[in-house]
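Peer 1: Residues 1 to 76 in full-length UniProt numbering are what the sequence shown spells out, letter by letter. Below: one structure in structure tokens.
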Amino acid sequence: MIKILKQELIIFTALLTFLILIMHPDMLSDPTVRLAAMQQKENYTHPLLYTFFVYLILFFLRAVISLVTRFFKIDK
1 MIKILKQELI IFTALLTFLI LIMHPDMLSD PTVRLAAMQQ KENYTHPLLY TFFVYLILFF
61 LRAVISLVTR FFKIDK
């Protein structure tokens, strides 16, 4: 169980990092400006919410693909 949780946490963190860099490319050049704007607007949770929704979509797709591969798996 711990192994699965670690794997999902790594996937979520990688997805969060990927989405941050896609949505805000200035995070690589000047992250302090972006973080200051985030503090000024007080929108601390929006990156986590966006990542959670994308994660749910990916989780659903992974579950469907896993189900389909199990369905067509031939046991010998």
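Note that the Cβ used here is the ideal one computed from N, Cα and C, for glycine as well. All figures in this text were calculated on a predicted structure; none of them were measured in a lab.
Does the stretch 19 to 30 come into contact with the stretch 41 to 59, if we say contact requires no fewer than three beta-carbon pairs (one atom in each stretch) closer than 8 Å?
Peer 2: These segments touch.
Peer 1: Pull up the distance between the alpha-carbon of Ala37 and that of Leu67, whole angstroms please.
Peer 2: What you label residue 37 is simply residue 37 of the sequence shown in a count that begins at 1. What you label residue 67 is simply residue 67 of the sequence shown in a count that begins at 1. Their backbone Cα atoms lie some 43 Å apart in a straight line.
Peer 1: Applying the criterion that 16 or more other CB atoms from any shown protein chain within 10 Å of the CB defines a buried residue, is Thr69 buried or exposed?
Peer 2: Taking the first residue of the sequence shown as 1, we reach residue 69 at position 69. Exposed.
Peer 1: Expressed to the nearest angstrom, what Euclidean distance is found between the alpha-carbon atoms of Thr17 and Ile4?
Peer 2: Your numbering for residue 17 matches position 17 in the sequence shown. Your numbering for residue 4 matches position 4 in the sequence shown. Distance between the alpha carbons of Thr17 and Ile4: 20 Å.
Peer 1: Do you know offhand how far Arg34's Cα is from Leu58's?
Peer 2: Numbered from 1 along the sequence shown, position 34 holds the residue referred to as residue 34. Numbered from 1 along the sequence shown, position 58 holds the residue referred to as residue 58. Taking the straight line from one Cα to the other gives about 27 Å.
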